[in-house]
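Novice: Chains as they are written, first to last, in this note's numbering: chain F, 718 to 888; chain G, 330 to 454.
All residues carry an ideal CB built from backbone N, CA and C; glycine is no exception.
All figures in this text were calculated on a predicted structure; none of them were measured in a lab.
1) Can you list the residues of chain F that residue 356 of chain G reaches, using a CB-CB cut of under 7 Å?
2) Given this structure, state the Cα-to-Cα distance separating residue 871 of chain F from residue 864 of chain F, to the nearest angstrom.
3) Strictly below 9 Å CB to CB, what residues from chain F border residue 388 of chain G?
4) Comparing C-alpha positions only, which one of F/739, F/728, F/761, F/860 sits nearest to residue 359 of chain G?
5) Below 8 Å on the Cβ atoms is my contact criterion, and I expect residue 779 of chain F with residue 852 of chain F to pass it. Report the Cβ-Cβ distance as a whole number of Å.
6) Which whole-angstrom value is the C-beta distance of residue 763 of chain F and residue 363 of chain G, which I expect to be below 8 Å?
7) Considering only the alpha carbon of each residue, which of F/850, F/824, F/727 lies closest to residue 772 of chain F?
8) Return the first residue and the last residue of the alpha helix (DSSP H) that residue 757 of chain F is part of.
9) For residue 359 of chain G, return the contacting residues in chain F, with the cut-off set at a CB-CB distance below 7 Å.
10) Pick helix, strand or coil for residue 346 of chain G, following the three-state DSSP scheme.
11) Cα separation between residue 753 of chain F and residue 793 of chain F?
12) Can you grab the Cα-Cα spacing for the pair residue 737 of chain F / residue 731 of chain F, in whole Å?
13) Can you tell me whether residue 492 of chain G is helix, strand or coil according to DSSP?
14) Could you list which residues in chain G have their beta carbon closer than 7 Å to that of residue 879 of chain F, in chain order?
15) For chain G, is any of its Cβ atoms less than 9 Å away from the one on residue 727 of chain F?
16) Please compile the residues from chain G whose C-beta is within a distance smaller than 8 Å of the C-beta of residue 746 of chain F.
17) Inspect the beta-carbon positions of residue 774 of chain F and residue 833 of chain F and report whether they are closer than 9 Å.
18) Could you tell me the distance, in whole angstroms, from the CA atom of residue 355 of chain G to the CA atom of residue 757 of chain F?
19) With a threshold of 8 Å on Cβ separation, who are the neighbours of residue 883 of chain F within its own chain once the five nearest residues in sequence on each side are excluded?
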């Protein structure tokens, strides 16, 4: 997982390029909205760029970026909940997905999204960071502000529950 | 790190939400170029916020100063006036030589020198 354990990021561009698909994937899983996910990923990575250019490179670039992505995704989800009724009222958005969106969203994604939705929020957050975002347990712990053992426990619980949910739905 | 039993599950999750590589590259490029863009947007934000902020400050200052401004002092003149009230018109000769004619649709205050408004208050008999 190319973690940045040092206090200096030697290759900022390389680090950003390596982190971009992972943060984007994580934001996509959290929000289910490509445009919103891109905004969250970009803002999180830009925060790292600013921190590095201002001489305040974080100890772990991964933990730093994902901690920001996590907060921003949470805020974006709230904003979306708040704006949704207005958007519907002004016909900016419709409840039903477009035919194009329906074609893009595969059954598998829907199945996994539903299974993730059945997890407790804390466990879901942990497994998204570790499995989808590709963070190490240590970085996930730093991003969540928890101990490594607590993260391990949450991830293990989430994996077990996800596996059984996906299995029973599959069977 | 991938030697845990949930390896296939993790891969399945990753595959489900895998982003378009071009989108990821675009995000990375924009993040790296963000500083200059943010600075430009920062000035725009400052300019956009300055107008309404200045208007709000001016309004707040006006609202504070207006009620607290001292009212103009009008000294009452202790004198008695007598006039006539005919056909709805009150005609009162004033001490300065002018005549105040008030009533109906007419209000005609004509001081001899300069101009102004004469308020007449009293008991009509």
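Specialist: This is what the structure gives:
1) The count along the second chain starts at 1 and reaches residue 356 of chain G at position 27. Correct list: 737, 741, 755, 758, 759, 762.
2) Position 154 of the first chain, counted from the start, is the residue given in the question as residue 871 of chain F. Position 147 of the first chain, counted from the start, is the residue given in the question as residue 864 of chain F. Going by the C-alpha atoms only, they are around 11 Å apart.
3) Looking up residue 388 of chain G in the second chain gives position 59. Going along chain F, no residue has its Cβ under 9 Å from residue 388 of chain G, so there is no contact; the nearest lies around 28 Å.
4) The count along the second chain starts at 1 and reaches residue 359 of chain G at position 30. Cα-wise, what sits closest to residue 359 of chain G is F/761.
5) To locate residue 779 of chain F, count along the first chain from 1; it is residue 62. To locate residue 852 of chain F, count along the first chain from 1; it is residue 135. About 6 Å separates the two Cβ atoms, so the contact holds.
6) On the first chain, position 46 is the one that residue 763 of chain F refers to. On the second chain, position 34 is the one that residue 363 of chain G refers to. Indeed they touch by this definition, with Cβ atoms about 4 Å apart.
7) One-based indexing of the first chain puts residue 772 of chain F at position 55. Minimum Cα distance to residue 772 of chain F is reached at F/727.
8) The sequence position of residue 757 of chain F within the first chain is 40, counting from 1. Run containing residue 757 of chain F: 751-770, per the alpha helix (DSSP H) assignment.
9) The residue given as residue 359 of chain G occupies position 30 in the second chain. Near residue 359 of chain G (Cβ distances below 7 Å), the residues of chain F are 759.
10) Your numbering for residue 346 of chain G matches position 17 in the second chain. Note: residue 346 of chain G maps to coil in three-state DSSP.
11) If you number the first chain from 1, residue 753 of chain F lands on position 36. If you number the first chain from 1, residue 793 of chain F lands on position 76. Their Cα atoms are separated by approximately 7 Å.
12) Working through the first chain from its first residue, we reach residue 737 of chain F at position 20. Working through the first chain from its first residue, we reach residue 731 of chain F at position 14. Whole-angstrom Cα-Cα distance: 10 Å.
13) Residue 492 of chain G lies beyond the residue range present for chain G, which begins at 330 and ends at 454; the question has no answer from this structure.
14) One-based indexing of the first chain puts residue 879 of chain F at position 162. Ordered by position in chain G, the residues that pass the 7 Å Cβ test against residue 879 of chain F are 338.
15) Counted from its first residue, the first chain places residue 727 of chain F at position 10. Output row for residue 727 of chain F: interface = no.
16) Translated into positions along the first chain, residue 746 of chain F becomes position 29. Under the 8 Å cutoff, chain G gives 342, 345, 346.
17) As a first step, residue 774 of chain F is located in the first chain; it is residue number 57 there, counting from the start. As a first step, residue 833 of chain F is located in the first chain; it is residue number 116 there, counting from the start. Contact flag unset, no.
18) Position 26 of the second chain, counted from the first residue, corresponds to residue 355 of chain G. Position 40 of the first chain, counted from the first residue, corresponds to residue 757 of chain F. About 13 Å.
19) Walking along the first chain from the start, residue 883 of chain F turns up at place 166. 828, 829, 832, listed in sequence order.
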